[in-house]
Amino acid sequence: MTVAAVVNEKLLALPEAAAIALRMKADHYFDVIRALLDMFVEKKNLDAIYVTSTIPSASILNALEVLEIPLSHVWFVDSISQIMMSSGQKHPHAIFVESPTMLENLMLKVEYLIRKTKDRHNVVILDSINSLAIHNNTKILSEFLHILVNNLRSREAYTIIFSMEEYETDEIRNMLNLVSDETIQVEG
Amino acid sequence: MAPLDREKPEERERCVTGVDALDNILNGGIPRGNTVLVTGSVGTGKTSLCLEFLVHGALVGENSLYISATESSEKLLRNIIPYDFFDRKLIKDGRLVFLDLPVIYERLGLEKPEFDFEEINILIGALGDVVDELKVKRLVIDSITSVCYRLKTQENIRDFILKLGSMLSARGCTSVLVSEISPAEERYSLYGVEEAISDGVLVTGNLERRGDLLRTLQVVKMRGTSHSRAKYVLDLTTVGVLLVPLLKGGSVAAGGG
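Chains L and Y, in that order, give the protein sequences. The first sequence begins at 13 in my numbering and counts up one residue at a time. The second sequence begins at 30 in my numbering and counts up one residue at a time.
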């Protein structure tokens with residue numbers, strides 16, 4: 013069974029508007045993204061809001077285009093391009109936050125996109141807890157996750173939080189346990 | 030002992046601002062007829078917040094008036110955020126009206142740099158006439174600071190705001206007075222009396238945290254309703270003003286001010 017198929021099978025069993033910690037190895041990164049978008053955007057007809065603090069949205073967009081994944085219902089909140097001082101290639105589906113330390117602004121941009129896509133329900137993908145932990149201390153990050161997840165739950169949106177096993181610490185595990193309804197371990 | 034429900038003050042009718050998060054903070058909106066001071070330094074979103082308040086009012090059929098004291102309405106409209114919900118027809122239909130205060134001064138013959146008691150009454154009377162004529166239910170004066178420049182003394186400013194507030198309240202008009210302060214200011218208005226007389230005070234600001242600059246909003250006072258006094262971070266977007274709680278990070282010092 014492929015990684016994408018395993019992830020798909022686990023996602024199918026999820027309750028509505030669940031918050032899920034998705035633990036994976038870096039090798040499985042694009043397989044997981046593909047499986048998520050296939051499940052939530054294609055099968056469940058949701059709009060995906062992809063919050064990246066790991067790699068620039070332009071790189072993910074390029075990869076998704078190569079994988080021939082339709083982008084009309086995928087939106088990006090990119091908090092890493094500007095801090096890298098890159099010109100931040102403009103894309104109609106990407107909005108930028110100056111830095112991953114501006115956690116409130118991440119929430120505001122997610123809220124903005126939820127309102128812009130109000131005709132459809134949402135899945136919010138947070139990529140990743142590990143990269144956010146590089147830029148923020150545990151207390152403020154826990155507070156951020158707690159508010160974000162509860163807000164999304166009240167809006168009937170799914171929350172998927174990526175965690176790269178190679179960079180997990182006990183603090184990150186505790187944080188994920190606190191806010192997630194379930195943990196999916198990606199193995200393959 | 031009186032039952033609990035008798036201890037509750039009677040709920041006042043609300044003027045729903047249309048900014049969802051702000052209405053939640055205020056438990057349903059601004060109590061109708063209140064005069065609210067929106068105060069903050071430049072670039073903190075005061076004018077955008079006020080415009081949205083007026084546009085939402087016009088959309089629900091409440092005639093709304095924006096009196097600009099500093100920049101011309103024409104210039105203001107050129108730079109307005111392209112709100113998804115804004116319809117220029119509101120202006121055409123007279124639901125949303127823009128007036129320039131210098132034009133009002135000129136028509137009233139108020140050309141002196143300093144107003145006396147009588148001239149204050151003339152100005153209040155003229156504003157009352159405009160509110161009556163246009164059946165205004167929401168009014169913004171942007172900014173009250175520039176009006177206060179002409180009033181000079183604290184007594185005159187107190188007198189003007191008190192008269193203005195009661196004139197508008199008697200007409201069921203909810204008003205917002207914009208006050209400009211410098212970032213270092215420790216009070217909520219330039220003259221120190223505006224906030225004491227107003228029914229409500231909303232403070233907007235720029236908060237620097239570890240090199241990041243966040244726009245903030247805090248309701249410090251609002252007569253006639255219970256409300257949150259926490260600080261929120263705001264964003265000015267095409268769907269309107271959005272607010273989220275300021276994260277504290279478990280530390281009192283995290284906010285930095």
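C-beta atoms are modelled at their ideal positions from N, C-alpha and C, and glycine is treated no differently. Keep in mind that this is a model prediction, so the values were computed, not measured.
Query, Result
"Please return the same chain residues whose Cβ sits closer than 8 Å to the Cβ of L/VAL2, not counting the five positions on each side in sequence.", "In the structure displayed, chain L extends from 13 to 200; residue 2 of chain L sits before or after that span and is not available."
"Using 10 angstroms around the beta-carbon of Y/THR174, count the other beta-carbons present and answer buried if the total reaches 16, otherwise exposed.", "buried"
"Kindly indicate the opening and closing residues of the alpha helix (DSSP H) around L/ILE81.", "No alpha helix (DSSP H) holds L/ILE81; DSSP gives it neither H nor E."
"Closer than 7 Å between beta carbons: that is the criterion. Which residues of the segment 145-166 of chain L meet it against chain Y?", "ASN149, LYS151, ILE152, GLU155, PHE156, ILE159"
"Note down, in chain order, every chain Y residue with its Cβ under 8 Å from the Cβ of L/ASN117.", "LEU243, VAL262, ASP264"
"Just reading off the beta strand (DSSP E) that Y/PRO274 is part of, what are its end residues?", "269-274"
"To the nearest angstrom, report how far apart Y/PRO60 and Y/ASN235 are at their CA atoms.", "27 Å"
"Under a CB-based cut-off of 8 Å, is Y/ARG239 close to chain L?", "yes"
"Alpha carbon to alpha carbon, how far is Y/GLY229 from L/VAL15?", "57 Å"
"Return the residue from the list Y/TYR220, Y/GLU215, Y/VAL207 that minimises the CA-CA distance to Y/SER77.", "Y/VAL207"
"In chain order, what are the residue ranges of uninterrupted alpha helix (DSSP H) at least 4 long that sit wholly in the segment 32-101 of chain L?", "41-49, 69-78"
"Please decide whether L/ARG127 counts as near chain Y, where near means a Cβ-Cβ distance under 8 Å.", "yes"
"Can you tell me the Cα-Cα spacing of L/ALA31 and L/THR171, whole angstroms?", "5 Å"
"Closer than 8 Å, CB to CB, is Y/PRO212 near chain L or not?", "no"
"Grab me the residues of L/ASP193's own chain with a C-beta within less than 6 Å of its C-beta, minus the 5 sequence neighbours each way, in chain order.", "ALA30, ALA31"
"Quick check: the segment 205-224 of chain Y against the segment 180-193 of chain L, are at least 3 beta-carbon pairs closer than 8 Å?", "no"
"What number of angstroms, rounded off, separates the C-alpha of Y/ILE120 from the C-alpha of Y/ALA87?", "9 Å"
"Identify whether Y/PHE144 lies in helix, strand or coil by the three-state DSSP scheme.", "coil"
"Return yes when the Cβ of Y/ARG167 is within less than 8 Å of the Cβ of Y/SER102, no when it is not.", "no"
"Quick check on DSSP: helix, strand or coil for Y/PRO131?", "helix"
"Please confirm if the segment 69-84 of chain L is in contact with the segment 125-135 of chain L, defined as three or more CB-CB distances below 8 Å between the two stretches.", "no"
"So L/LYS55 packs on L/GLU178, CB below 8 Å; how close in whole Å?", "Not a contact, Cβ separation roughly 30 Å."
"Compare the C-beta of L/GLU110 with all C-beta atoms of chain Y and state if any pair is closer than 8 Å.", "yes"
"Tell me the DSSP secondary structure of L/LYS121 in three-state form.", "helix"
"Run through the segment 203-237 of chain Y for me and flag every whole alpha helix (DSSP H) of 4 or more residues, listed as ranges in chain order.", "223-226"
"Secondary structure at Y/PHE114, three-state DSSP: helix, strand or coil?", "coil"
"Secondary structure at L/ILE109, three-state DSSP: helix, strand or coil?", "First, the residue type needs correcting, since residue 109 of chain L is Val and not Ile in the sequence shown. Looking at L/VAL109 - three-state DSSP - the assignment turns out to be coil, as it is neither helix nor strand."
"Given Y/LEU83, which residues of its chain have a CB within under 8 Å of its CB, disregarding the five upstream and five downstream residues?", "SER93, LEU94, TYR95, LEU125, ARG167, VAL169"
"Since L/MET187 and L/ILE141 are thought to touch, with beta carbons under 8 Å apart, how far apart are those beta carbons, to the nearest angstrom?", "7 Å"
"Spatial neighbours of L/PRO104 within its chain, please: CB distance less than 8 Å, with the 5 preceding and 5 following residues excluded, ordered by chain position.", "none"
"Can you tell me which of Y/ALA50, Y/CYS202, Y/ILE153, Y/LYS250 puts its alpha carbon nearest to the alpha carbon of Y/TYR217?", "Y/LYS250"
"What residue range is occupied by the uninterrupted alpha helix (DSSP H) comprising L/ILE184?", "182-191"
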